[in-house]
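Report on the structure given below.
Residue numbers (the working numbering): 941 to 1232.
Laid out in structure tokens, this is it:
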């Protein structure tokens, strides 16, 4: 037996204590040796004693995270397309008349809503709670649960904002002050500041603010997830982007407006790293679920 194997044995308990429960069914494993099986579902006791590492989680759950990371990447590129679409479509509308201004805003809103919907699906899967952590001996921390819930709330609110903007642009509301919900508003000295315009501007601002907050909260969640992969690279990258993304998204706008684009590129690289790390974990896993 090598030194590494002896070290692993010293780190892992040989018997289940009072706090240990089966990660597959939640049965109390008090006093059972590592070599035993759960009396309730026959899952190996050793697997439940290894804790929260993804390598020992259910293969289906890891596959869900992998799909989520893939779809989240697609949603991020859709968000990038939204940023590019705004000046491109409006330029075509104003200069060449190939599309009307209203039609241009409709296309922009379609792109924005598609990106929001794809991101919602991807991040929803990526932030899925581990089923066995609900009753097992290793549970999510309060900060992990809070980050997951805040992230999902931001995604839902952002999707609602995109849907509201799209509805405004395809209905007669596009000719009212409520068109500000889609960003289609020009403010000037002759602007009539009525309650409809003010409320629309406030809502539009809140939608955008929550959208950007979701990027930051997503990094907090990914940094927590990296400890279960485990991936020091992902952990360090998430930590750096927690201040780089807000910086590029705000101050970086002064760099010829490229700040938000740079932030999205850095975020995309981060998500690719997460996806590759999760894919590597799944590749090491046996071809059966935790309860088999």
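Quick reminder that beta carbons are idealized off the backbone N, C-alpha and C, glycines included.
Judged by DSSP in its simplified three-state form, residue 977 adopts strand. Note on residue 1099: 16 or more other CB atoms within 10 angstroms of its CB, so buried under the neighbour-count rule. Secondary structure note for residue 1196: it is in no alpha helix (DSSP H), with a DSSP letter that is neither H nor E.
With contacts defined by Cβ atoms closer than 8 Å, residue 1173 and residue 1005 do not form a contacting pair. In the structure shown, residue 1117 adopts helical secondary structure according to DSSP, grouped into three states.
Excluding sequence positions up to five before and after residue 1156, its CB lies within less than 8 Å of the CB of 1182, 1185 and 1186, all in the same chain and listed in chain order. Here residue 1068 has 1004 as same chain residues with Cβ atoms under 6 Å from its own Cβ, once five neighbours each way along the sequence are excluded.
Counting along the chain, residue 996 sits inside no alpha helix (DSSP H), nor does DSSP assign it H or E at all. Just measuring C-alpha positions, the residue of 1205, 1179 and 1176 sitting nearest residue 1188 is 1205.
Leaving aside the five residues that flank residue 1002 on each side, the residues in its chain whose CB is nearer than 7 Å to its CB run, in chain order, 994, 1218, 1221, 1222 and 1225.
In this structure, the alpha-carbon of residue 1117 lies about 5 Å from that of residue 1137. Judged by pairs of C-beta atoms under 8 Å, the stretch 1045-1054 touches the stretch 1090-1109, as three or more such pairs exist.
With fewer than 16 other Cβ atoms from the protein chains shown falling within 10 Å of its own Cβ, residue 1085 counts as exposed. DSSP places residue 968 in the strand class (E or B) of the three-state scheme.
Judged by beta-carbon spacing, residue 1094 lies beyond the 8 Å limit of residue 1160, meaning their Cβ atoms are not closer than that value. Going by beta carbons, residue 1008 and residue 1062 fall inside the 8 Å limit.
For residue 1071, the three-state secondary structure derived from DSSP is helix. Between residue 1214 and residue 1162, the CB-CB gap stays under 8 Å. Just measuring C-alpha positions, the residue of 1152, 1178 and 1211 sitting nearest residue 1200 is 1152. Distance from residue 1207 to residue 1016 at the Cβ level is roughly 6 Å; contact confirmed, criterion being Cβ atoms closer than 8 Å.
Pairing residue 975 with residue 962 gives a Cβ-Cβ distance that is not under 8 Å. Between residue 1121 and the set 1146, 983, 1128 and 1129, the nearest pair of CA atoms involves 1146. The Cβ atoms of residue 1113 and residue 1119 sit closer than 8 Å to each other. Under the DSSP definition of a beta bridge, residue 984 partners with 977.
Counting every other CB atom within 10 Å of its CB across the protein chains shown gives residue 1168 a total of 16 or more, marking it as buried. Judged by DSSP in its simplified three-state form, residue 961 adopts strand. In chain order, 1109, 1122 and 1124 place their CB closer than 7 Å to the CB of residue 1045, counting only its own chain and leaving out the 5 sequence neighbours on each side. Sequence-distant Cβ neighbours of residue 1143 in its own chain, meaning closer than 7 Å and more than five residues away, are 1121. Nearest to residue 1047 by C-alpha distance, out of 1010, 1021 and 1194, is 1021.
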